[in-house]
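A short worksheet on the structure shown next.
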Amino acid sequence: MNVNDIKHAGLKKWILDFAALTTPEEIVIADGSSAQYDELVAGQLAGGYCVKLNPEKRPGSIAYNSDPSDVARVENRTYIAAQSKEAAGPTNNWIDPTELKKTMTGLYKGCMKGRTLYVIPFSMGPIGSPIAKIGVELTDSAYVVINMMIMTRVGLKVLDVLGTDGEYVPCYHSVGKPLAEGQSDNGKWPCAPLEDKYISHFPETREIWSYGSGYGGNALLGKKCLALRIASVLAHDEGWLAEHMLILKITNPEGRSIFVTGAFPSACGKTNLAMLVPTIPGWKVETVGDDIAWMKYGADGRLYAINPEAGFFGVAPGTSNDSNYNAMVSASKNSIFTNCALTEDNDVWWEGIGYDAPGKLIDWNGNEWVQNKGDKTQKPAAHPNARFTAPAAQCPSIASEWEDPKGVPISAILFGGRRPKTIPLVHQSHDWNHGVFLGSIVGSEITAAALDLKVGTIRRDPFAMLPFCGYHMGEYFQHWINVGKAAKDQSKLPKIFYVNWFRKTDEGKWLWPGFGENSRVLKWVFEACEGTAKTIDTPIGVMPTADAIDRPEGVSIEDMQELLAVDIDGWLKEVEDIRANHYPKFGDKLPKELATFLDQLEANLKAAK
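Going by the numbering used here, the letters in the sequence shown line up with residues 688 to 1296, in that order.
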């Protein structure tokens, strides 16, 4: 199919106008076929951009190394170019949209010289689902095309759904590395220098303009850009929720199931929880999605969620058969690896994979690397934000409902972060608005998923949406309150919980083993949804009684008491920090209900002291 065959006149004009600006050698439409995927991969291998992995160990898989300046999301180069700075809010980087479009149009001029312009029609969510949205990405990166073919539903069927005048989110992307005549990349990862990288969102016109980066969420524009930053604006205007959340199904020994969503900042175990293998006999967890949930009310008055993605873009380091068996199987074939280390027999390796490096490796920078376990200063062989892109359909724990176009009914919502102190293993909100309060104060230790932040410090990350909310976060909190008010029957709203798997002793020892043992907390959440959980009311919310959660091996009664204790002084410090440093950011857009909950929390804590 070529551009002239496109029946949507507006779409065709948009593509041709961008081609006139960027001057590519040719235009190719991504048709979603496996033949085209294989052809693109063959071209990438021939160009030296990637390596074919050992077909006996990783059939159908390839590995890339990116440029060292292009390894993660760059939050300080990510912009919400709303019409006003006030509309973008205090948590987003803002540039005047007219000025930004002028700058970026200048960068786009001639930027695809010597390259191919690929047109990627993609559906976020099952094609034709009432909750799904369509995007079209224009890119000069074959790496982006093949990743998008795994991560979203790409192809001619999407153009069929668009018809002659359907709505789509326009997504511009270029690596920003034009080629002079006769010039080639020589197998090097193409991108622009950091100061020329722009990941820009125009919420009012629902557009995404990305330039200079070829990596991850900066370039796979269906992911954070459309599915969260632009979708959060659509959801605000249309009365639904677009969230940075996993979706899982949990079934008890009697065969009753509920669906749970969970919002956690990057590298806090979302994928591990979504693919959890329970340690409790008779309980089963299945995966619907590991990163993003879109939720709308169904005809029965319950919130229904879809996973708008079709694949996993998972952090490789720390992923092993012990920590996440299902992710390892998902990425065992037909997968793309980025910034992992290569073994001598062309397999991938990373820190935390569960076994020592097998001899001499080539690290993600292309250098020889031999593991020296005694050397604490040795640089890692795989980048800390190295990734695997794997089809969700290959996941052994994938739920049969994962592609149901109407979504799955949500019974519980979890919030959580990586907190070594203060926050207990689990507590529950009293009601929806109290749950919104809990979501609004989420904090977490910073990890390697963001390039430009100091690892190890705590930052507030409300609803795990801090880098992803496409408008003023105070209004986003209010939107959550409004969604709760819109419920025809409040009893059908999901129950809201706050969890923390990451508590440590003063000596730095983990108090809770995590991973599969988190099923014990999910069991209590399940019981809370059914009304059978053992609970106690506390100053911070509803909590399990000391004996309500089955203790895993190695967790003493004293450990359990510590995990479920309310640290009055620690929480009073939380209140102080929220009041002094967090809530003031939102000014008069902070919902009054949340300020009231903060006052109430402080009063409860002081009364209990």
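We treat Cβ as the ideally placed atom computed from N, Cα and C, and that holds for glycine.
The beta strand (DSSP E) that contains residue i, what's its start and end?
i	result
F1000	G998 to V1002
W896	E894 to Y898
T826	K820 to T826
P995	Unbroken run through P995: none, as it is neither H nor E.
A1077	R1074 to P1078
F889	Y885 to F889
F1024	I1023 to T1025
E713	E713 to I716
S861	V856 to S861
W981	A980 to Y984
K971	K971 to G976
Give me, in chain order, the residues of the same chain whose beta-carbon lies closer than 8 Å to that of residue i; leave out the 5 immediate sequence neighbours on both sides.
i	result
N752	W876, T1025, N1026, W1051, N1052 and G1053
E773	H1159
Y724	I833 and M836
G1274	P777 and G1161
Could you give the distance in angstroms between the alpha-carbon of residue i and the alpha-carbon of residue j?
i	j	result
K820	A1267	39 Å
L825	A717	10 Å
V1229	M835	42 Å
E973	I837	20 Å
S1084	M962	6 Å
V728	G735	11 Å
Q731	I749	10 Å
G1130	W1199	19 Å
A1252	A759	37 Å
C912	W1211	35 Å
D1176	D1118	13 Å
E882	D872	20 Å
A906	V831	7 Å
N779	R764	11 Å
P1226	A1294	9 Å
P784	N689	32 Å
E1194	K1108	12 Å
S1019	P965	21 Å
K844	G1041	41 Å
P742	D1034	9 Å
E941	L1209	16 Å
E894	H888	6 Å
I745	S1178	The question names Ile, but residue 745 is Arg in the sequence shown. Those two C-alpha atoms are separated by around 48 Å.
G904	A722	26 Å
L928	G956	22 Å
N1021	A1235	43 Å
L1277	I917	21 Å
Mind checking who residue i pairs with in its DSSP beta bridge?
i	result
Q1115	F1184 and V1229
R1147	G1130
E1055	I1049
G949	L933 and L1101
Y1042	In the DSSP output, where bridge partners are listed per residue, Y1042 has none listed.
I807	E824
P1299	Coverage of the chain is limited to positions 688 through 1296, which leaves residue 1299 absent and any answer about it impossible.
N780	Y766
C737	Y751
L1029	V1035 and I1049
R1321	Residue 1321 falls outside the range modelled here, since the chain spans only 688 to 1296, and no answer is possible.
D1224	V1229
I1236	According to DSSP, which records beta bridges pairwise, I1236 is partnered with nothing at all.
I1085	T974
What does a CB cutoff of less than 6 Å around residue i pick up in its chain, not counting 5 residues either side in sequence?
i	result
E1088	V1095
A775	I767, A769 and W781
Y1185	F1102, H1114 and L1125
I693	K699
I934	T948, V975, G976, A980, A992 and N994
G842	D718 and G719
F1150	A950 and G1126
Any beta carbon from chain C within less than 9 Å of residue i's own beta carbon?
i	result
M1152	Structure shown: chain C not included; a single protein chain is present.
Near residue i, what residues of its chain come up, given a Cβ to Cβ distance below 7 Å and the 5 sequence neighbours on each side ignored?
i	result
T958	D977, F999, G1001, N1011 and A1014
K800	T710, P865 and L866
A1290	none
I818	G812, W981, K983, I993 and G1094
For the alpha helix (DSSP H) containing residue i, list its first residue and its last residue.
i	result
K772	K772 to A775
K1279	K1279 to A1295
K844	L843 to L849
G1171	M1160 to K1172
D1193	Taken as a continuous stretch (DSSP letters only), D1193 belongs to no alpha helix (DSSP H), as it is neither H nor E.
Check the C-beta distance from residue i over to residue j and give it rounded, since I have them as a contact under 8 Å.
i	j	result
G909	M811	6 Å
Y855	W896	Going by Cβ atoms, the distance from Y855 to W896 rounds to 15 Å, so no, they are not a contact pair.
Y805	V715	5 Å
S1127	L1281	6 Å
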